[in-house]
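Reading through the structure tokens given below for one structure.
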Amino acid sequence: MLIVRKLPGKSLSIELNLLRGAKKVTRATPSKYFIDFRREDERLSIAKFRGEAGILQPKVATEMIRKNLVYISKDAETAKLQSDLIAFFRRIGAQVYLIDLCRFCAIEGYITAISKRYALRHGERICLSCAKKEIEREMKFRNITFSDKILAILKRVRDVDRVIRMFDPATDVMRDGQLTLLDSMPADTGAMTVSVDAYPLPSSVRSYVQRAGIEKFMPVQVLALEKGLLDGQSLLVASATASGKTLIAEMAGIMSVSAGHKFIFLTPLVALANQKYGDFRKRWGKRHSVSIRVGMSRIKSADDLVVIDSDLAADIVVGTYEGLDYVLRSGMDIGEIGCVVIDEVHMLSDPERGYRLAGLITRLRTLHPRAQIIGLSATIGNASELAEDLELTPVVYDKRPIPLERHLIFKDEGRKKEVIKRIVKKEWDSVSEAGYHGQTMVFTNSRLKCSQLASYLNAKGLSAASYHSGLSYAERVKIERAYWKQRLQCIVTTAALSAGVDFPSSAVVLESMVMGAEPLRVGEFHQMLGRAGRPGFHERGKVYLLVDPLKTVRGESEDVLAFSLIEGSVEDVELVLTPEQEKEDLIACYATGHRPIDDFNEHAIWPLPLDKRGELREHGVLKGESLTPFGRAIAQSFLSVEDALRIRKGLSRDPLEIAIALLPFENVYLTNALQSMLGTNSARLFSGEVLEKIEDADAISSLPVTA
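Per the numbering used here, the sequence shown starts with residue 7, numbered consecutively.
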């Protein structure tokens with residue numbers, strides 16, 4: 007094969023690129039030859055022929071041309087001589103074709119034929135390999151890490167200049183949705199849905215399903231029914247948000263209350279417990295009594311003192327993990343439990359609360375061995391393994407009920423607010439086939455930012471609310487109702503509440519890649535993705551990641567964090583207890599007062615530290631095999647032994663000092679000026695990053711006295 011190109015600057019000189027045995031012309035290295043022509047009777051003839059080693063006879067060129075297929079480049083320079091070249095090669099007897107070559111490859115000494123897989127650069131077609139290099143060069147200049155997701159955008163838009171504009175903070179990327187679109191996660195259109203009539207449902211369940219207007223069971227519901235949901239089988243249901251897990255829980259609950267047993271629904275957060283309590287009151291309140299039990303702060307505030315419907319005799323009890331665990335630790339009689347649903351059971355891997363959830367499951371299995379336990383979880387990496395550890399039957403479905411678009415937008419920190427405003431307005435202006443305006447949920451990393459963003463959006467004429475765990479019960483309920491009734495266009499919440507904000511949002515925006523001061527984990531990221539798009543409300547969901555490449559967290563730039571979230575696999579749920587946590591769990595089991603401690607150890611997810619009983623007796627926590635009043639106070643206060651001993655030692659101190667030790671001030675923030683002077687990304691005074699700066703004498707000495 008011979009590839010022919012005219013030499014620039016020379017009117018009658020060409021370059022012959024010989025490719026031996028080439029089937030695919032992609033960054034091929036040719037043997038180069040050169041022909042200088044002269045015109046004789048308006049036709050081209052060879053005046054000089056040379057190779058890389060020197061001058062050759064013209065007849066060698068003629069023989070080479072006759073033995074090979076000849077491809078003439080379509081580039082603008084060669085086009086000046088194209089008709090003459092075609093006539094010359096055909097006169098010799100060669101087969102002649104035209105070929106589109108990548109000029110960027112040619113500059114580097116390679117030959118690449120441009121096929122259907124090409125991209126434009128300044129209007130010129132180049133190969134994808136060179137297009138990728140151009141983008142990588144621009145990204146490196148802007149301190150952005152390359153990802154295959156960017157390559158996917160390039161393949162879709164086929165325009166290097168458009169992709170590069172994506173990295174320019176001044177670009178109005180909202181005008182070009184294809185430019186920011188990383189990928190689309192399709193819905194499971196081939197999913198098996200089964201008519202409700204296909205199952206011999208108990209009358210109570212059938213009646214409930216009919217009242218809810220459900221005609222077909224979704225795939226995960228079908229799987230749960232087939233695994234024995236209505237036969238009392240304990241299950242671990244792991245599936246995406248809005249895939250139908252709640253109905254699974256409710257059907258199990260109906261079976262329980264219909265048999266005269268108690269149904270308990272547990273969530274990790276008060277905000278989510280409030281929502282479920284309201285839902286259950288609305289759906290079941292006329293037929294069954296519903297109550298709520300939530301944990302309280304160790305330091306009581308006026309809001310915490312108001313507890314509604316906390317009657318343990320109710321048929322249905324909605325609560326937080328700690329709310330029910332307090333009941334068990336206090337030795338109260340809760341009655342016969344038929345079914346316990348543990349929502350967000352993947353919280354077992356949470357370093358601060360996971361061990362308490364594990365202990366709660368241990369106590370439930372020991373005290374109520376006949377109760378059906380339904381664990382609800384987002385998609386996790388080791389669902390089958392976790393199900394085995396919890397002695398549950400796994401029900402795993404990792405498909406989405408509606409499609410999801412994932413968008414990436416590069417903006418510096420100061421321009422993110424404007425982009426969020428544009429997204430909120432764009433979503434609200436879009437009305438679904440079901441008649442709902444699009445609503446946006448924005449996740450950020452602190453309560454302060456929640457308030458700042460919500461205030462900014464309201465000032466721009468949009469209706470937004472800040473929603474976080476610092477709000478009172480009444481404030482949260484007011485916001486929840488307004489959002490469901492479409493009186494709010496946007497909710498700004500913290501990443502920490504990603505498991506507790508169950509709102510019908512068409513779009514989710516990640517304003518930050520961190521939770522507090524720590525980078526988001528892949529599982530947390532997927533939890534947020536699951537909030538975008540809801541069947542019955544929207545045709546699709548959208549997720550926007552706003553990334554500032556110059557912002558770093560724990561030494562990693564925000565773009566690196568974003569791509570690690572997008573491309574990473576959901577983590578396994580792993581439970582690991584510290585020695586202090588083990589002792590707290592042991593004390594909590596003793597506190598129930600209804601079973602020998604060995605019974606709890608038989609059902610324990612994590613073995614109880616029975617060898618530490620001597621230590622607990624020395625500290626006055628245990629006396630024989632019973633808790634002392636001091637030990638019972640530890641259990642009911644959810645204290646570690648270490649904290650309890652510190653409090654007991656300081657009982658003569660001012661109660662305010664003890665309160666601060668128990669619940670230290672954490673939400674103290676730097677001004678923007680101080681944050682800039684210290685060069686930190688975190689605004690929280692007590693974050694690890696800021697504390698490191700404070701310990702740096704040089705950093706502190708550089709601060710002005712009036713800052």
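Each residue gets a CB set at the ideal place from its N, CA and C atoms; glycine is no exception.
Here ALA568 is near MET519, since their CB atoms are less than 8 Å apart. Between the beta-carbon of ARG299 and that of VAL323 there is about 6 Å, and that keeps the pair under the 8 Å contact cut.
Burial is judged here by how many other beta carbons sit within 10 angstroms of a residue's own beta carbon; SER355 has at least 16 and is buried.
Secondary structure within the region 398 to 483: the beta strand (DSSP E) runs of 3 or more consecutive residues, fully enclosed, are 399 to 403, 410 to 416, 446 to 450 and 470 to 473 (chain order). Residue pairing by DSSP places SER632 opposite LYS629 in a beta bridge. Nearest C-alpha to LEU571 among GLU588, ASP605 and GLN533: GLN533. With contacts defined by Cβ atoms closer than 8 Å, TYR116 and ALA34 form a contacting pair. In the displayed model, MET145 falls within a helix according to three-state DSSP. A direct Cα-to-Cα measurement between THR252 and ARG638 gives close to 36 Å. Closest option to ASP508, judged by alpha-carbon separation, among VAL263, ARG56 and TYR283: TYR283. With 16 or more other Cβ atoms inside 10 Å of its own Cβ, HIS267 counts as buried.
The beta carbons of MET257 and LEU278 sit no closer together than 8 Å.
Between ARG109 and ASP81, the gap from beta carbon to beta carbon is short of 8 Å. Closest in C-alpha terms to ALA137, from the list ILE150, LEU516, ARG148 and ILE159, comes ILE159. LEU8 sits close to VAL76, with the two beta carbons spaced by under 8 Å.
Excluding five sequence positions before and after MET180, the CB atoms of its chain that fall closer than 6 Å to its own CB belong to ARG428, given in chain order. Taking C-beta separations shorter than 8 Å and ignoring five residues to either side along the sequence, the partners of GLU130 in its chain run ARG109, following chain order. By the CB criterion at 8 Å, GLY365 and ALA594 fall inside the cutoff.
Around the beta-carbon of GLU144, 16 or more other beta-carbon atoms lie within 10 Å, marking it buried.
Under the three-state reduction of DSSP output, MET224 falls in the coil class, being neither helix nor strand.
According to the DSSP secondary-structure assignment, ILE380 is paired through a beta bridge with LEU241 and VAL347. For CYS595, the enclosing alpha helix (DSSP H) stretches over residues 585 to 598. Between ILE254 and ALA230, the gap from beta carbon to beta carbon is short of 8 Å. Under the three-state reduction of DSSP output, VAL576 falls in the coil class, being neither helix nor strand.
Beyond the five residues adjoining it in sequence on each side, TRP490 comes within less than 8 Å, by CB distance, of PHE509 and PRO510 in the same chain, given in chain order. Per DSSP, ILE322 is not a residue of any alpha helix (DSSP H); the beta strand (DSSP E) it occupies stretches across 322 to 326.
Within the DSSP secondary-structure output, ARG11 pairs in a beta bridge with GLU21.
ASP203 and LYS222 have their alpha carbons spaced roughly 8 Å apart.
The DSSP-derived three-state label of TYR103 is strand.
Taking ILE379 as the centre and dropping the five residues before and after it, the same chain places the C-beta of SER240 and VAL346 closer than 6 Å to its C-beta, in chain order.
When the Cα atoms are used, LEU50 and PHE95 turn out to be separated by approximately 10 Å. If the five residues before and after GLN227 are omitted, its C-beta is found closer than 7 Å to the C-beta atoms of GLY250, LEU253 and ILE254, all from its own chain and listed in chain order.
In the DSSP assignment, GLY536 forms no beta bridge with any residue.
In the structure shown, CYS108 falls within a coil segment according to DSSP collapsed to helix, strand and coil. For LEU62, the closest alpha carbon among the candidates ARG44, ASP47, GLU46 and TYR39 is that of TYR39.
Only residues of its own chain outside the window of five on either side were considered, and among them SER19 and GLU21 have a CB closer than 6 Å to the CB of LEU13, listed in chain order.
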